[in-house]
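Keeping their order, the protein sequence lines are chains F and A. By my numbering, the letter at position 387 of the first sequence is numbered 436, and the numbering carries on one by one without gaps. By my numbering, the letter at position 103 of the second sequence is numbered 840, and the numbering carries on one by one without gaps. All C-beta atoms, glycine included, are put in the ideal place defined by N, C-alpha and C. Heads up: the structure comes next, in structure tokens.
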Amino acid sequence: MEVGLHSPWEKLIRPGMVHGSLYSDATIFKEELEKIWFKTWVYVGHDSEVPNLNDFVTKSIGPMPVLMVRNQHGEINLLLNRCPHRGNAVCVQDKGNRKSFTCPYHSWTFANDGKLMNYAFPEGYAGTDKSGLGLAKVPRVASYRGFVFASMAQDGPSLEEHLGGARRTLDQACENSPTGELDLSAGFLRHRARANWKFILENECDGYHPAFVHSSIFSVADSAIGSLYGNDAVAVTRGFGNGHTEVDPRPEFRRRDQPMSWFGTTAEKLPEYTAQMKSAYGDKRARQIMIDGMPHVMIFPNLFIAEIQIFVIQPVSAVESIQHVTAIQFKDSPEINRRLRQQTMGSVGPAGFLLADDTEMYERNQRGLEIRSPEYLYLKRGEHRERRDDDGFVVGHSTDDLPSREIWKHYRTLMEAC
Amino acid sequence: MDAETSERPAQDILKQWSGRDLSYADKVDADLHHRVSQFLYREAHLQDTHEYDAWEALWTDDAVYWVPANGADTDPEREMSLIYDNRSRIALRVRQLKTGRRHSQTPPSQLARIIGNIELLQSEGEDIGVACNSQIFETNLRGDTMWAARCCYRLRRQNGMLKMAFKKVVLVNNNKPIYTISFLI
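Given below as structure tokens:
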């Protein structure tokens with residue numbers, strides 16, 4: 050089948066059916082970079098990764114590295130790490146603290162807001178206007194509750210419009226912290242997968258796979274996850290629009306009515322955290338937050354909050370991706386933070402009890418697409434039982450393909466746009 | 738230049754992956770070196786051939802198994818590690834592998850590793866400190882992967898046998914994106 054820049058998207062993406070080439074075709078991948086990664090809002094990093102003036106950390110937008118910098122005035126800038134002179138990298142460190150960046154090639158020096166400060170032997174540039182020779186900046190940067198997003202498009206919907214109903218999940222995550230603030234400064238594990246990024250995206254709110262992909266760990270460890278994704282589960286999947294999807298386990302946790310059951314423990318076993326929560330929110334509200342727990346949400350196209358960790362999905366090529374993952378910690382709550390880190394390190398990353406096997410599935414899916422027939426993947430599970438919740442969002446059973454359908458619906462809108 | 742001096746020092750990129758200096762033993766006891774080498778070779782072949790129970794039996798009850806990320810001397814109590822297992826989590830790791838449903842090890846990775854550059858460290862109390870390198874060839878459904886690591890052990894004599902009280906595996910590319918590593922490293 051011939052695909053390319055003028056692909057008939059309506060043929061590739063049908064209701065509940067998507068063509069295999071969408072996961073493997075290099076031309077489609079290039080088009081995704083232009084129409085998704087370098088256009089819409091993507092997640093870049095978190096406030097807590099650059100806590101001090103002049104801190105910087107290397108992050109990415111799609112396959113492209115960006116420097117996330119807290120400049121001398123405390124603002125977060127996203128700078129492109131390409132010297133305007135000959136293209137060299139002005140910084141090769143992953144992170145650090147600097148007021149300026151000097152290109153090693155010809156010693157051009159830039160302030161950490163991107164402005165060109167000076168160059169070597171300036172007589173050779175007599176009369177040149179420096180203002181047009183700074184580091185390029187990502188045109189739009191916006192943050193919500195400490196989560197920093199970027200868009201390479203000059204214009205477009207605001208971040209709040211883009212997040213829409215999914216903002217609730219970011220609020221919910223922050224509320225689990227007694228200070229209302231999260232800390233994502235524990236460093237990232239970087240897990241490479243020879244698979245298209247959309248296999249990863251679609252798996253994040255796929256509640257159909259855990260019973261099978263993760264049966265090995267569920268059978269040998271106490272885990273409360275299994276019951277969320279069984280045939281009798283009351284947890285739901287939800288589409289917020291704009292490709293954002295979640296598994297909402299709150300109906301199950303509210304049925305259990307046990308604070309911290311979402312984390313597989315009890316409030317009594319976390320006395321300091323429980324006291325902090327009560328003092329921050331009052332007994333009643335704290336109890337409800339601790340029953341509901343953390344969200345499980347996939348913010349399109351690359352931020353996955355998986356209860357206690359965040360994943361940032363990075364596309365490298367049509368057939369190669371990186372999952373960056375770190376523990377979510379609650380600012381100033383050391384007691385629970387240790388458990389959040391320990392559980393994260395056990396579960397995720399290249400050696401994780403869960404993610405090694407998820408990633409194995411992505412890679413097997415990818416290889417499967419080299420087989421020519423059937424041409425389409427089948428995503429119709431639960432189509433007949435989709436319904437609307439009180440807020441008008443579409444919801445389904447926790448094991449339904451609803452999140453995939455929602456992702457593809459939005460994807461098609463973006464790819465069809467000029 | 739005050740801009741420079743007010744900044745915090747840059748990380749030493751070499752130290753970040755080579756780690757702090759180790760205290761090597763002043764004199765090498767040839768018998769002990771031989772015994773330690775034999776132990777490390779045995780651990781290596783148990784790992785290569787997926788003899789999970791026999792490998793688990795090499796650990797002491799207070800063991801720590803650590804595979805750091807993003808450097809050699811990160812703080813595992815503050816920063817993410819690839820593996821940071823206490824004894825009960827080592828047991829869980831082995832139990833998961835033995836279910837036969839650990840998909841990333843079904844079929845198991847085919848492995849051959851070389852342990853080399855075995856050097857004794859100055860003793861820390863009763864324990865024997867050891868440093869070595871390991872190079873591992875892995876082939877699995879995805880393809881072929883080479884792994885290289887600088888390792889440190891603390892070995893303990895128990896009932897005439899050596900046991901592992903501590904093992905640290907510093908993958909030399911642990912600051913880069915790496916493929917799944919679900920065999921015993």
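Bridge-paired residues (DSSP) for residue i
i	result
Gly960(A)	Not covered by the structure: residue 960(A). The range shown for chain A is 738 to 922.
Asn146(F)	Asp104(F)
Arg893(A)	Lys900(A)
Gln859(A)	According to DSSP, Gln859(A) bridges with nothing at all.
His345(F)	Val296(F) and Ala355(F)
Gly94(F)	Val197(F)
His66(F)	According to the sequence shown, residue 66(F) is Met rather than His. Looking at the DSSP assignment, Met66(F) forms a beta bridge with Arg63(F) and Tyr427(F).
Lys905(A)	Trp803(A) and Cys889(A)
Tyr916(A)	Bridge partners of Tyr916(A): none, in fact.
Val190(F)	Ala199(F)
His240(F)	Gln372(F) and Ile915(A)
Cut-off 7 Å between Cβ atoms - residues of its own chain near residue i, not counting five sequence neighbours on either side
i	result
Gln392(F)	Ile357
His263(F)	Leu403 and Asp406
Ala316(F)	Pro308, Met309, Thr323 and Met339
Leu858(A)	Leu759, Ser760, Tyr761, Ala762, Gly866, Val867 and Ala868
Gly123(F)	Leu102
Helix, strand or coil at residue i according to DSSP, with G and I counted as helix
i	result
Cys467(F)	coil
Thr448(F)	coil
Glu51(F)	Because Glu51(F) sits at a pLDDT of 49, beneath the cut-off of 50, its placement in the model cannot be relied upon, and the point is left open.
Lys88(F)	coil
Pro300(F)	helix
Trp792(A)	helix
Arg757(A)	coil
His782(A)	helix
Ser109(F)	strand
Asp440(F)	coil
Gly288(F)	strand
Trp246(F)	helix
Arg838(A)	coil
Ser743(A)	With a pLDDT of 46 at Ser743(A), under the threshold of 50, the modelled position of this residue cannot be trusted; read the value that follows with caution. Reduced to three states, the DSSP call for Ser743(A) is coil.
Met166(F)	strand
Asn126(F)	strand
Asp271(F)	coil
Among the options, nearest to residue i - alpha-carbon criterion
i	options	result
Glu849(A)	Lys900(A), Lys905(A) and Asp785(A)	It should be pointed out that residue 849(A) corresponds to Ala in this sequence rather than to Glu. For Ala849(A), the nearest C-alpha among the options comes from Asp785(A).
His258(F)	Gly275(F), Gly65(F), Arg131(F) and Arg388(F)	Gly275(F)
Pro153(F)	Ser200(F), Glu424(F) and Val141(F)	Val141(F)
Gly111(F)	Asp74(F), Ser370(F) and Asn126(F)	Ser370(F)
Thr375(F)	Val365(F), Gly395(F) and Ser366(F)	Gly395(F)
Asn280(F)	Gly256(F), Lys108(F) and Asp438(F)	Gly256(F)
Arg217(F)	Ser192(F), Phe289(F) and Thr177(F)	Phe289(F)
Ile359(F)	Gln372(F), Lys144(F), Arg388(F) and Gly173(F)	Gln372(F)
Asn386(F)	Asn225(F), Phe87(F), Pro308(F) and Glu424(F)	Asn225(F)
Asp804(A)	Glu816(A), Asn877(A), Glu780(A) and Tyr821(A)	The question names Asp, yet the displayed sequence has Val at residue 804(A). That would be Tyr821(A), whose Cα lies nearest to the Cα of Val804(A).
Asp810(A)	Gln895(A), Gly866(A), Tyr916(A) and Leu751(A)	Leu751(A)
Ser919(A)	Asn161(F), Gly398(F) and Val67(F)	Gly398(F)
Asp220(F)	Arg241(F), Leu71(F) and Phe196(F)	Phe196(F)
Asp798(A)	Ile827(A), Ser871(A) and Ala791(A)	Ile827(A)
Val765(A)	Ser860(A), Phe903(A), Asp881(A) and Glu875(A)	Ser860(A)
Glu209(F)	Glu172(F), His134(F), Thr89(F) and Asn146(F)	Thr89(F)
Tyr92(F)	Arg194(F), Pro300(F) and Pro320(F)	Arg194(F)
Residues near residue i in its chain [Cβ-Cβ closer than 8 Å; skip 5 each side]
i	result
Pro57(F)	none
Ala466(F)	Lys84
Arg304(F)	Val283
Glu65(F)	One point to set straight first is that residue 65(F) is Gly, not Glu, in the sequence displayed. Counting only Cβ-Cβ distances below 8 Å, and skipping sequence neighbours, we find Tyr427, Leu428, Lys429, Glu432, Asp450 and Arg454.
Arg434(F)	Gly445, His446 and Asp449
Gly69(F)	Leu418, Glu424, Tyr425 and Leu426
Spatial neighbours of residue i in its chain, beta-carbon cut-off 6 Å, leaving aside the 5 residues before and after
i	result
Met347(F)	Glu253, Cys254, Thr294 and Phe353
Trp311(F)	Phe302 and Gly342
Asn911(A)	Ala806
Thr151(F)	Thr158
Asp232(F)	Ser97, Gln378 and Lys380
Residues that residue i contacts on chain C, provided the C-beta gap is smaller than 8 Å
i	result
Ala138(F)	You won't find chain C in this structure, because its protein chains are F and A.
Given a limit of 7 Å on CB to CB distance, which residues of the segment 790-809 of chain A reach chain F?
-> Residues passing the 7 Å Cβ filter: Val804, Ala806 and Asn807.
Residues of the segment 391-402 of chain F with Cβ closer than 8 Å to any Cβ of chain A, in chain order | Correct list: Gln391, Thr393, Met394, Gly395, Gly398, Pro399, Ala400 and Phe402.
Can you give me, in chain order, the residues of the segment 230-243 of chain F that have a beta carbon less than 8 Å from any beta carbon in chain A?
-> Under the 8 Å Cβ criterion, the segment 230-243 of chain F contributes Ala235, Gly236, Phe237, Leu238, Arg239, His240, Arg241, Ala242 and Arg243.
Can you list, in chain order, the residues of the segment 260-291 of chain F whose Cβ is nearer than 8 Å to any Cβ on chain A?
-> Going along the segment 260-291 of chain F in chain order, one finds Val262, Ser264, Ser265, Ile266, Ser268, Val269 and Ala270 with a Cβ nearer than 8 Å to chain A.
Check distances from the C-beta atoms of the segment 837-865 of chain A to those of chain F and list, in chain order, the residues that come in under 9 Å.
-> The residues in question are Gly837, Arg838, Arg839, His840, Ser841, Gln842 and Thr843.
Chain F contacts from the segment 765-782 of chain A (Cβ-Cβ distance under 8 Å) = For the segment 765-782 of chain A, which is checked against every Cβ of chain F, not one residue is closer than 8 Å.
Taking a cut of 8 Å between CB atoms, which residues from the segment 411-432 of chain F lie near chain A?
-> The segment 411-432 of chain F vs chain A, Cβ under 8 Å: Glu412, Arg413 and Arg416.
With 9 Å as the C-beta to C-beta threshold (strictly closer), list the residues of the segment 195-227 of chain F near chain A in chain order.
-> Result list empty, no residue passes.
Quick one, which residues of the segment 107-138 of chain F are near chain A if we go by CB-CB under 8 Å, in chain order?
-> If the cut-off is 8 Å between Cβ atoms, the segment 107-138 of chain F has nothing near chain A.
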